[in-house]
Amino acid sequence: MNRLKILKHFAEIAPVYRHVRTLDPEPIFAIKDILVKHKKWKKPLKIADIGAGTGRYTELLIKILKPENVKTILVDASFEMLSVGKTHMGRYNAHFVNSLAEHLPFKNEVFDVIMVFNAIHHFDFKKFIREARRILKTGGFIFIYTRTQEQNRNSIWGQYFPKFSEKEYRLFWKDELIKKIKRLKNFKVISYIEFEYPRISTIDELLKKAFAKHYSTFYLYKDDEYAQAIEMFKENLMKYYEPDEQIIHTDENTLVGLRKISRE
Ligand SMILES: C[S@@+](CC[C@H](N)C(=O)[O-])C[C@H]1O[C@@H](n2cnc3c(N)ncnc32)[C@H](O)[C@@H]1O
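For the sequence shown, the residue numbers in our numbering are 443 to 706.
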């Protein structure tokens, strides 16, 4: 998907984004544990959330690590997503930067932590890592939270929504992700955690999310193809579930932790 299309998608979904996406505290608690285990920083921790969107996860991180321990900067290519973030995060000492992940307007070695949640598949990975390596202090951490291709396929969308998995070409396969992170110069892989979240949804709730295009994957369909896919999704679900049934399904995600162990 080209950049303009991505920006259009996020501009449209920004007002409802926080309502249509689930928020899971587990990866933030995992980050806290890792930071505590490796404690080697001067407070407050300087944290950049790249592809921060409306700041859902930045806000959770601030709450869990406590506002006095962190100084956060939210970076995003979408002005509209950041604008929604500002309305939610006024009470925190957070800063907002409308910029691309591949060209970060920060000095060298200024951040203790970089987090990228549900966004790495939108970035040019190599260019982002080059920038992350530059702005991160030696000893600093990058946390990448994403779905692998396998995890995407296992979801209720992967199982029942026509072409959902085939269309989503941007996510990494697990092997590919592991190979990529192990190869990174100046970084050491310090954690690789897979999460499974039980969910309960009715067909109507799932359809509402699909109509809101809660995943950018849905922008990879043409309009008429998308309308047909929604109909087919409904039909597929109705083969197995009653209209008001509470469907139990699972979402899966991966958290990768990297540490910058040396300078370039
Ligand atoms: C799926 S949203 C995730 C937002 C947030 N991290 C969360 O989990 O709620 C992906 C975000 O990445 C941003 N994005 C996409 N491409 C980008 C790029 N090249 N540089 C910076 N941000 C980008 C989008 O604008 C969007 O806000």
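By construction, the Cβ of each residue, glycine as well, lies at the ideal position given by its N, Cα and C atoms.
Item: Beta-carbon gap between residue 639 and residue 693 smaller than 7 Å; Value: yes
Item: Proximity to residue 457 [Cα-Cα], best of 706, 654, 670; Value: 654
Item: Same chain only: Cβ atoms within 7 Å of residue 685, ignoring 5 sequence neighbours per side; Value: 645
Item: Reference residue 557; option with closest CA among 534, 452, 618, 574; Value: 574
Item: Alpha helix (DSSP H) runs contained entirely in the region 570 to 596, provided each spans 4 or more residues; Value: 591 to 596
Item: Within-7 Å CB hit, residue 484 to chain C; Value: Annotation note: the requested chain C is absent from the structure, which comprises a single protein chain.
Item: Residue 594 beta carbon less than 7 Å from that of residue 613; Value: yes
Item: Any non-hydrogen atom of ligand 1 within 6 Å of residue 404 CB; Value: This structure leaves residue 404 out entirely; the chain is present only between 443 and 706.
Item: Residue 499 beta carbon near ligand 1 (any heavy atom closer than 6 Å); Value: yes
Item: 6 Å Cβ shell around residue 522 - same chain, five flanking residues per side excluded; Value: 453, 456
Item: Rounded straight-line distance, which links the Cα of residue 583 to that of residue 619; Value: 17 Å
Item: Close beta carbons around residue 602, own chain, < 6 Å, minus the five adjacent residues each side; Value: 675, 678, 679
Item: Inter-residue spacing [alpha-carbon to alpha-carbon] between residue 651 and residue 530; Value: 22 Å
Item: Of the listed residues 486, 494, 534, 632, nearest to residue 511 (C-alpha basis); Value: 486
Item: Residue nearest to residue 641 in terms of C-alpha spacing, selected from 681, 605, 691; Value: 691
Item: Outcome for residue 538 when other beta-carbon atoms lying within 10 angstroms are tallied against a minimum of 16; Value: buried
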